[in-house]
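Colleague: This is the structure I want to talk about, given as structure tokens.
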Amino acid sequence: MHINDAVFLEDLCPKFRFRQWRKSIHRFTGKSCIYCGKPSESIDHVLPRSQGGLSTTENCVPACLSCNGDKSDKNALYWYRRQKFYDPRRAMAIRAWLEGDLRLAIRLLQWASPKFKVSNENQGKDESKYKAA
Ligand SMILES: [Zn+2]
């Protein structure tokens, strides 16, 4: 057999491609929720599927389970404005994402969370503070 197995598999198995796509969505934000910055555990349809939202990258953002569940089928930007963790830079990032400008969205997210690419340097300090308190 001289078939390119990877391509062959992708064509035969849409699930495999779907999984790759989901992974790539999470990778855009460094596996953090686009709304609150916590680890993203799910994909949120900005325009819910019940309202005709498609499973396209523009309509699908990485979200934690808490945000995803709380937002449910509300309008994402309207819902986000009412959250305690609301950050206008993130709101701009979400809008850019919806418009398909992922590069701008990612830049805005980096701006909103300075720890975006920094390793866990400060975690040790926080922990000792927590123990002392
Ligand atoms: Zn969240």
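Following this note's numbering, the numbering of the sequence shown begins with 57 at its first residue and continues without gaps.
Just so you know, even glycine gets a beta-carbon here, dropped at the ideal spot from N, CA and C.
Here the structure is a predicted model, which is why all the values come from computation and not from measurement.
(1) CB-CB under 7 Å to Asn-124, same chain, minus the five flanking residues each way: which ones, in chain order?
(2) Taking the C-alpha atoms as reference points, what is the distance between Asp-126 and Phe-72?
(3) Using the Cα positions of Ser-184 and Pro-118, report the straight-line distance between them to the nearest angstrom.
(4) State yes or no: is the C-beta of Ala-149 within less than 8 Å of the C-beta of Ala-161?
(5) Just to confirm, is the Cβ distance from Lys-140 to Cys-120 under 8 Å?
(6) Under the three-state reduction of DSSP, which class applies to Ser-96: helix, strand or coil?
(7) With distances taken between CB atoms, is the gap from Ser-80 to Ser-88 smaller than 8 Å?
(8) Quick check on Thr-112: buried or exposed, where buried means 16 or more other Cβ atoms within 10 Å of its Cβ?
(9) Report the three-state DSSP secondary structure of Ser-122 (helix, strand or coil).
(10) Check each candidate in Cys-92, Trp-77, Gln-107 and name the one with the smallest Cα separation from Arg-145.
(11) On a Cα-Cα basis, can you pick out the residue from Gln-76, Ala-152, Trp-135, Ser-128 that is closest to Arg-105?
(12) Is the distance from the Cβ of Glu-114 to the Cβ of Trp-167 below 8 Å?
Modeller: From the atom records:
(1) Ser-98, Asp-100
(2) 29 Å
(3) Unreliable placement is indicated for Ser-184, whose pLDDT of 43 sits below 50; the coordinate value is still reported in the next sentence. The straight-line gap from Cα to Cα measures roughly 31 Å.
(4) yes
(5) no
(6) coil
(7) no
(8) exposed
(9) helix
(10) Cys-92
(11) Ser-128
(12) no
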